[in-house]
Structures are given as C-alpha cells and as structure tokens.
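My numbering numbers the first residue of the sequence shown as 105 and each following residue consecutively. Every residue, glycine too, gets a C-beta built ideally from N, C-alpha and C. Contents: one structure, followed by commentary.
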Amino acid sequence: MNTLMKTVGLAAALTLSAVPALAETVLKLAHAAPETDLQQTMSIYFKEQVEARSGGSITVNVFPHGQLGNDAQMIDGARSGIIDIAISGLNNFTGLIPEAGAFELPFMFPSRDLAYRVLDGEIGQGVAAKFEPVGLKLLGFPENGYRNITNNRGPVRTPEDLDGLQMRVNNSKALNDMFALLGANPQQLPVAELYTALETGVVDAQDHPIGIVVSFKFNEVQKYLSLTQHAYSALAMVMNNDKLKGLSDAEQKIIMEVAAEAVAKQRELSVAKEEEMIAQLESEGMSVNRDVDAAAFQAAVKPVWEGFIDENGDALVNAIVAASK
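Rendered as structure tokens:
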C-alpha cells in the first residue's frame, strides 16, 4: 500500500511539474530623464497600472536617467527589441521620420491645446503610422513642453541677444537652423553631457522646457532664464512593434489604454507644475525674464519654416496651420 501511494504521489508530482507556469511578459521601459522628472512619474504610473490590470501577466521594469543608453541608443534598442518601450524627444526620431520635424518648427504651436489637438488627432496619428515601418508602435505623445533659453550672459529679449552665444542644441534641424540664423553658435550635445558642458564653459547657453531645467538642475550652472517659448517639444513613447503584437489582444488593449492615460496625466502635471517650477528656480537664485519680443522672434525665424518646406514639402505644415484657425 505504501509503495502504491508513493508511486501515485510521484506520478502526481511529475504531472504537476509538466504543467507550464502562467506565461509572464517582462517589459523594459527606458528614458533619459532623472527620477525627479515627470517622465519617471508617467513611467511609474504606466508600470503600476499595466501590472494591476494584466493581473500579473505583464511586469514592467523602469530604467530612468539613461541607464540603458542615450536617446539614440534607446531608440535603436526599441527597434531591435533589446528594449521594449522607450520615451524620448520627438526630435530624436526625425532621422527616421523626417516629416515629424514639422512639429518641432519654431512657433508652430501658439498654444498647448492646439498641440494636443494636432498630435492626438488625424494629423498626429498620420505621423504615428510612419513609426510602424521602422519597427515601432507609437503609444502616445507625452509633453516635454515649451522650450526656453538659459545662459550666463544676460536676459534674452530680442533675437539680437543670441548673437555669439555658444548654444547647446539637440539634433532638431529646425532648432539648429534657428539658432544659427539668429547668430548663435549651435553645438549638438547629448543632454546627459550638458550639465558638465555648461559648468566648464564648453557651451554657455541651452534651451529646454522648464521641467528639464529643474530635473537636470541646470540652474546650478546657468544664471538667466528667458521665457522665449520658441518651440513646443513633444516626447514620443514607443514600443517594439513585434513585442506588442506578440501579446494577447487583451494585453495589447491594456498597453494602449494605460499609455493614453499616462500621457494625459503627464501633460496635466506638466501644465500644473510649470509656474511652481519657475518660482522654485527664482527662489534658488535664477534670474527669470518674461520680457520677450515674441513677434520679433517669429519674424526672424521664417526662413527656418521655408527651409523645412523646401526639403519635406508643405502638406504637414499647411495641415497644422489650418488646424489652428
């Protein structure tokens, strides 16, 4: 009897061991911003909601502050599947999707509401579809925000105030063209290297949205902040397309729904916290200038729009302008 029971028990154990465990998908989500940035806030919301709604079938591990590489490396990683989800400035995708540069043109979006309508509507989704042929699924356009100029020379009130500044720029052709046109000396540097470059005088000026100035602590090495709001910068949250398609229909729905919610919440926080962050920068010793001749800047940068249209056509630019009327 004991032998029989042992045999039955062994058979049961072998049968149980042959049953596969519930399938679990582990996703790696990467971005370049510090943990204090709203990109991390959004990433944690995405992680918690996806894990909860999937009932544990999906786990999301978040890697902030460039732990998995700089922006170009993260995008390459997402395309190849080494990274599953990446959040990066939309400008970093314009090498793959040149027409997306229309969203980066100076003074393209006079209001955030217009930017949201365009990005979330038919125009933005038309550009979003162009991510799939390069191996990516666009999950949404979070907000980087309006770009403003910081430097150590003085307030920037007119285009002439940029003359001669050693200006760090990102890889947006439109912004490179803009600063060169206005007499600055643009130099491309990864954001991870920017603090040291400002501290050592390699460059003496840069432009970023307020949240990035705060989270990267550029106020420690920059004295003047001028609220030029010369360009609206969107982020792109992308996922390896094959990875997404490999999930069940229900899991894909969870990813897309949570991503949309995360983007909306991140935008709300970005707007709500902006004045608070400006006040923080002032309290920490930064001189904030709101006296900017926006009309003079807009007139001066018209050739940048013309250059973009010459290279990419006017369809997207005209569609965005029409949407603002």
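Under the three-state reduction of DSSP output, ASN275 falls in the coil class, being neither helix nor strand. Annotation for SER330: the continuous beta strand (DSSP E) segment containing it runs 328–344. For the options GLY225, GLY173, ALA309 and THR304, the alpha carbon positioned closest to that of PHE283 is the one of ALA309.
Secondary structure remark: continuous alpha helix (DSSP H) runs of at least 4 residues inside the segment 136–205, in chain order: 142–157 and 175–184. Closest option to GLY417, judged by alpha-carbon separation, among THR145, ARG183, GLU203 and GLY160: GLU203.
In this structure, DSSP gives LEU420 a helical state, which the three-state scheme calls helix. Note: LYS132 is bridge-paired with ASN165 in the DSSP secondary-structure output. Taking the CA atoms as reference points, PHE235 sits about 25 Å from SER215.
Ranked by how close their Cα comes to the Cα of LYS327, the residues GLU152, VAL306, LYS132 and GLU386 have GLU386 in first place. Inter-residue distance for ASP265 and LYS132 is about 43 Å (C-alpha atoms, whole angstroms).
When GLY389, ARG251 and VAL362 are compared, the shortest CA-CA separation from PHE211 is found for ARG251.
The three-state secondary structure of ASP224, taken from DSSP, is helix. A residue is called buried when at least 16 other Cβ atoms come within 10 angstroms of its Cβ; ALA404 meets this threshold and is buried. In the structure shown, the three-state DSSP call for LEU242 is strand. For THR254, the enclosing beta strand (DSSP E) covers residues 247–255. By the C-beta criterion, the segment 221–234 is judged not to be in contact with the segment 284–304, since fewer than 3 inter-stretch pairs fall below 8 Å. Counted as a single uninterrupted DSSP element, the beta strand (DSSP E) harbouring VAL392 occupies residues 391–393.
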